[in-house]
Structures are given as structure tokens and as C-alpha cells.
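Here's the structure, in C-alpha cells; my notes come after.
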């Protein structure tokens with residue numbers, strides 16, 4: 001890990017590797033009881049689905065990269081796949097802990113001091129960077145809350161939304 005430039009580092013017991021939380025991120029930590037038998041992957045997919053919907057409603061096509069959690073934008077000319085939302089959860093006694101971080105208008109330079117989620121062959125981005133206009137936490141807070149509730153209630157079905165890690169050759 002690189003020098004964290006004065007940013008506190010806190011060790012946690014959730015899934016995933018190192019991440020960064022700071023101003024300009026909408027961080028949601030739903031604490032809910034999961035039904036038996038536990039299906040943690042389904043829970044993570046529902047969180048992803050809610051954030052994919054919010055991205056789509058803003059005009060941004062996002063999805064999933066096979067084998068990686070979070071919400072991603074597809075690789076394109078000169079850029080690898082980019083993560084716009086990280087997800088890291090833990091389940092204890094059938095209760096979820098931790099959650100997601102959606103990059104709205106955060107300082108992406110903060111990620112240069114770490115290897116986000118331990119992934120070296122992908123990038124990190126924000127809604128503002130991708131849309132070319134400011135998108136604040138306040139702009140998306142209520143839409144994210146509604147989408148998370150809809151996804152967890154089963155109102156918002158989980159779709160595939162595949163995203164390529166690398167740009168395809170033309």
C-alpha cells in the first residue's frame with residue numbers, strides 16, 4: 001500500500017479488500033436480517049441492481065464484471081472497466097453489516113494512495129466524472145434509498161447487466 005497522505009486506515013471485518021470513504025461518496029450500510037437459508041450473493045446482487053438502476057436513471061450504462069462485486073462501467077478505448085460503486089458486506093447471525101459506496105463527486109485522487117478492492121487492472125470513477133457534470137450525494141440520496149428498498153423487497157428484479165473488463169477490438 002502507498003502512503004495514505006494522512007487518511008486514517010481502519011481495519012474492518014467485511015468482504016473485499018481496501019477501499020476509501022470520503023466526501024462526495026454516498027455510503028449506505030443496510031442492516032437487515034436475511035432469510036434462511038442465507039444467500040449472501042443474492043443480497044450483494046440486489047445492492048448492485050439498485051445502484052445500476054440509479055446509474056441508468058442518470059443516463060449512465062453500468063453493470064457487473066464477472067467475478068467482481070460492485071457496479072462497473074465497461075472498458076472503452078484507452079480505458080479499462082471502471083468501478084463507480086464498491087460493495088463490501090459481512091453477515092453475522094443472519095444480519096447484514098457494511099454495504100456500498102457510490103462515488104458521486106468525490107476526489108478520485110484519493111484512490112491513488114491505495115489499490116482499490118485489491119484490483120490492479122481496473123479503474124475507479126464517479127458519476128460526475130462519467131457524466132461530465134456535477135452529481136452530488138444530495139442529488140442521488142433519495143433515488144438510491146428507493147432503489148435499495150425496491151431491490152431488497154423484490155420489486156426491482158435482478159438482471160444480468162454484463163460489463164466487459166477490456167474494450168473489444170473493432
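Residue numbers (full-length UniProt numbering): 1 to 170.
Glycine residues also receive a C-beta, built at the ideal position from the N, C-alpha and C atoms.
None of these values were measured; they are calculated from a predicted model.
Residues near residue i by beta carbon distance below 8 Å, same chain, minus five either side
{"i": "residue 30", "result": "47, 96, 99, 148, 152"}
{"i": "residue 109", "result": "none"}
{"i": "residue 139", "result": "104"}
Cβ neighbours of residue i in the same chain (closer than 7 Å, five flanking residues each side left out)
{"i": "residue 57", "result": "143"}
{"i": "residue 45", "result": "158"}
{"i": "residue 129", "result": "108"}
Closest Cα partner of residue i within the set the options
{"i": "residue 85", "options": "138, 76, 55", "result": "55"}
{"i": "residue 82", "options": "90, 69, 88", "result": "69"}
{"i": "residue 167", "options": "79, 28, 139", "result": "79"}
{"i": "residue 76", "options": "61, 103, 67, 90", "result": "61"}
{"i": "residue 33", "options": "19, 43, 94", "result": "94"}
{"i": "residue 141", "options": "36, 127, 45", "result": "127"}
{"i": "residue 134", "options": "107, 112, 146", "result": "107"}
{"i": "residue 59", "options": "132, 43, 35", "result": "132"}
{"i": "residue 163", "options": "35, 66, 37, 42", "result": "66"}
Cβ shell of residue i (< 6 Å), same chain only, five flanking positions each side left out
{"i": "residue 161", "result": "52, 63, 64"}
{"i": "residue 91", "result": "40"}
Alpha-carbon to alpha-carbon, residue j and residue i
{"i": "residue 158", "j": "residue 49", "result": "6 Å"}
{"i": "residue 39", "j": "residue 21", "result": "26 Å"}
{"i": "residue 88", "j": "residue 155", "result": "23 Å"}
{"i": "residue 24", "j": "residue 105", "result": "5 Å"}
{"i": "residue 123", "j": "residue 72", "result": "9 Å"}
{"i": "residue 28", "j": "residue 165", "result": "26 Å"}
{"i": "residue 137", "j": "residue 125", "result": "15 Å"}
{"i": "residue 26", "j": "residue 150", "result": "18 Å"}
{"i": "residue 146", "j": "residue 19", "result": "25 Å"}
{"i": "residue 36", "j": "residue 101", "result": "26 Å"}
{"i": "residue 42", "j": "residue 74", "result": "22 Å"}
Which residue spans inside the UniProt domain "BPL/LPL catalytic" (1–156) form an unbroken beta strand (DSSP E) run of at least 3? 25–28, 63–65, 68–73, 82–92, 95–103
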